[in-house]
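Here the sequence shown is numbered in the numbering used here, starting from 3 and rising by one per residue. Just so it is clear, CB atoms sit at the ideal spot from N, CA and C, and this is done for glycine as well.
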Amino acid sequence: MVPREKLGMVDLIKVGKQMHALACELHPICRSITGDGVRETLKRIAQEVPIEVHEVPSGTQVHDWVVPDEWNIRDAWIKGPDGQKVVDFSECNLHVVGYSLPISAKMPLCDLLHHLHSIPDQMDWIPYRTGYYCRSWGFCIAQRKMDQLQEGIYEVFIDSELTAGSLSYGELIIPGQTSDEFLISCHVCHPSMANDNLSGIVVAVALARYLMLEPRRLTVRFVFIPGTIGSIAWLALNGEVIPRIMHGLVLTCVGDIGDPTYKRSRRGNAEIDRVMEYIMRQAGVNDRVLDFVPYGYDERQYCSAGFNLPVGVLSRSVHGTFPEYHTSADDLTFIKPECLADSLSKALSAIEMVESNGIYQNLKPMGEPMLGRVGLYDKRGGGRTEKFTELAMLWVLNLSDGTSDLLSIAERSGIDFCDIVDASLALEAAGLLQRMGVTCN
Ligand code: ZN
């Protein structure tokens with residue numbers, strides 16, 4: 003089990019700070035489901051890890067959807083009756099409803115109000131709104147500012163463009179010894195918000211950097227995609243990859259101080275579900291394992307009926323359950339380096355665990371084998387040998403009848419999974435055990 007050795011507390015603190023610093027850099031960029039903000043974000047990610055950027059042209063049919071026109075925005079503001087700017091996009095990109103059409107017009111307050119969005123019970127927060135498929139325009143402002151608007155004629159200006167272009171996404175494949183894949187997915191389509199969006203990106207980047215350090219058994223594929231349309235486009239364009247996806251995690255809202263949370267895949271008992279459940283139990287948060295519901299992030303697409311992939315979600319506070327969700331209060335103070343680091347370590351553990359897990363066959367199942375003959379018997383009797391206990395070996399031998407995987411042996415014995423893995427490796431090296439393969443999802 004590599005992470006607990008490699009990712010000591012000191013390293014985790016350092017990596018947590020690095021992740022937060024990257025989030026700070028990415029925070030000002032105005033992202034949407036298409037456009038230059040996504041490209042700029044992917045360009046910055048590419049400086050950290052060698053992602054390949056793909057462009058899917060507007061109008062491309064992807065399953066039941068069509069890749070929309072590309073949206074870009076340069077400037078936007080509202081000027082009050084006195085000619086002063088009352089809302090300014092350059093101060094906060096959440097001020098403009100995503101995918102707003104260009105406009106330059108004057109109108110009375112009563113007309114303008116139809117295009118303004120606020121959060122009545124949060125006086126100082128700016129909401130995040132989008133209208134990808136509305137072909138309209140709008141602004142988001144704090145309730146306090148909304149309340150101060152005087153009657154009169156307002157000047158409204160949005161310098162945006164909605165034209166044929168493309169949808170951009172980034173992909174990184176870290177090849178393993180087998181073509182079996184672990185998919186890590188995060189969305190890159192939210193403007194200046196930290197937990198919902200940036201946290202997933204920076205944890206994915208840090209995870210990729212660690213995984214690239216040494217050869218692995220599984221191939222790990224990272225996709226940095228715009229939410230919904232991005233994962234649907236990716237699924238539509240990567241049909242040949244899909245059968246190889248054995249496990250997957252969507253990373254989202256992984257930076258706040260809430261307890262870690264795992265949402266099961268649609269299958270509910272896939273290996274990734276069992277592994278994450280084990281990790282959550284070890285962390286003392288087994289109440290934070292949630293069943294699949296067809297609402298949330300891109301797991302909705304990966305786990306749709308036609309794909310039903312073993313992809314769950316790692317998060318902390320669940321989207322929609324914290325008031326800062328989809329508002330300007332989901333800012334850089336809302337995510338903490340140590341929480342990002344904890345999420346990183348859990349995602350790493352998941353990958354390490356599915357790589358170590360497997361079903362073995364006891365080659366000497368008639369009675370217990372003579373462990374002393376192969377140097378595996380602790381002569382002091384029942385004590386702890388170098389890396390694992392004798393009891394771990396006895397459990398592995400006893401349950402390795404070709405049906406139980408190491409994880410289920412750890413669960414049934416109550417012995418740490420890492421010790422079960424170490425015991426199985428020693429027994430395999432001694433010729434007492436043979437690996438049958440990975441568990442079936
Ligand atoms: Zn969101």
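Quiz prompt | Nearest-angstrom beta carbon gap, L28 and L200 [assumed within contact, 8 Å] | solution = 5 Å
Practice problem: With a threshold of 16 other CB atoms inside 10 Å of the CB of P262, please say whether the residue is buried or exposed. | Solution: buried
Quiz item: In its own chain, which residues sit with a C-beta less than 7 Å from the C-beta of S402, not counting the 5 before and 5 after it?
Solution: Y362, Q363, N364 and L435
Quiz item: Would you report the Cα separation of P245 and W67, rounded to the nearest angstrom?
Solution: 22 Å
Quiz prompt | Where L435 sits in the DSSP three-state scheme | solution = strand
Practice problem: State the start and end residues of the unbroken beta strand (DSSP E) segment that holds L251. | Solution: I247 to L253
Quiz prompt | Burial state of Y171, where buried means 16 or more other Cβ atoms lie within 10 Å | solution = buried
Quiz item: Identify the residues that DSSP records as bridge partners of E72: which are they?
Solution: T165
Self-check item: N199 beta carbon near the ligand ZN (any heavy atom closer than 8 Å)
Solution: yes
Quiz item: Taking 9 Å as the CB-CB limit, is A428 close to chain B?
Solution: Protein chain content of the structure displayed is limited to a single chain, and chain B is not contained in it.
Quiz item: Taking 8 Å as the cut-off, does the CB of G468 come closer than this to any heavy atom belonging to the ligand ZN?
Solution: Summary: the structure shown does not reach residue 468, with the chain confined to residues 3 through 443, and so no result is reported for it.
Practice problem: Determine the contact status of S168 and L103, defining contact as a CB-CB distance below 9 Å. | Solution: no
Quiz prompt | Cβ neighbours of M355 in the same chain (closer than 8 Å, five flanking residues each side left out) | solution = M3, V277, Y280, I281, L409 and F419
Quiz item: If you run the structure through DSSP and keep just helix, strand and coil, what is T43?
Solution: helix
Quiz item: To the nearest whole angstrom, what separates the beta carbons of M21 and P371, a pair I think is in contact under 8 Å?
Solution: Actually they are not in contact, since the Cβ atoms of M21 and P371 sit about 47 Å apart, beyond 8 Å.
Quiz item: Along the chain, where does the beta strand (DSSP E) that runs through L185 open and close?
Solution: E183 to H189
Quiz prompt | Backbone CA spacing between E157 and P122 [nearest angstrom] | solution = 24 Å
Practice problem: Rank V243, C94, V222 and C341 by C-alpha distance to the C-alpha of Y130 and give the top, closest one. | Solution: C94
Practice problem: Could you tell me the distance, in whole angstroms, from the CA atom of Y264 to the CA atom of A210? | Solution: 20 Å
Quiz prompt | Of the listed residues S92, W127, T62 and I80, nearest to L114 (C-alpha basis) | solution = I80
Practice problem: Quick one: grab the DSSP three-state call for R414. | Solution: helix
Quiz item: How do the region 325-345 and the region 303-313 stand: do at least 3 beta-carbon pairs fall below 8 Å, yes or no?
Solution: no
Quiz prompt | Sheet register partners of P312 (DSSP bridge) | solution = Answer by DSSP bridge pairing: none, since P312 is not bridged.
Quiz item: What span of residues does the beta strand (DSSP E) with R223 cover, start to end?
Solution: T221 to I227
Quiz item: Taking Cβ positions, are V222 and G178 nearer each other than 9 Å?
Solution: yes
Quiz item: Who are the near neighbours of R146 in its chain, counting only those whose CB is closer than 7 Å to its CB and skipping five residues on each side?
Solution: M125 and D126
Self-check item: CA nearest to the CA of I47, picked from Q63, E57, A25 and G61
Solution: A25
Quiz item: Exposed or buried, what is H65 when buried is set at 16 or more other beta-carbons lying within 10 Å of its beta-carbon?
Solution: exposed
Quiz item: Out of curiosity, what's the CA-to-CA distance linking G232 and E57?
Solution: 11 Å
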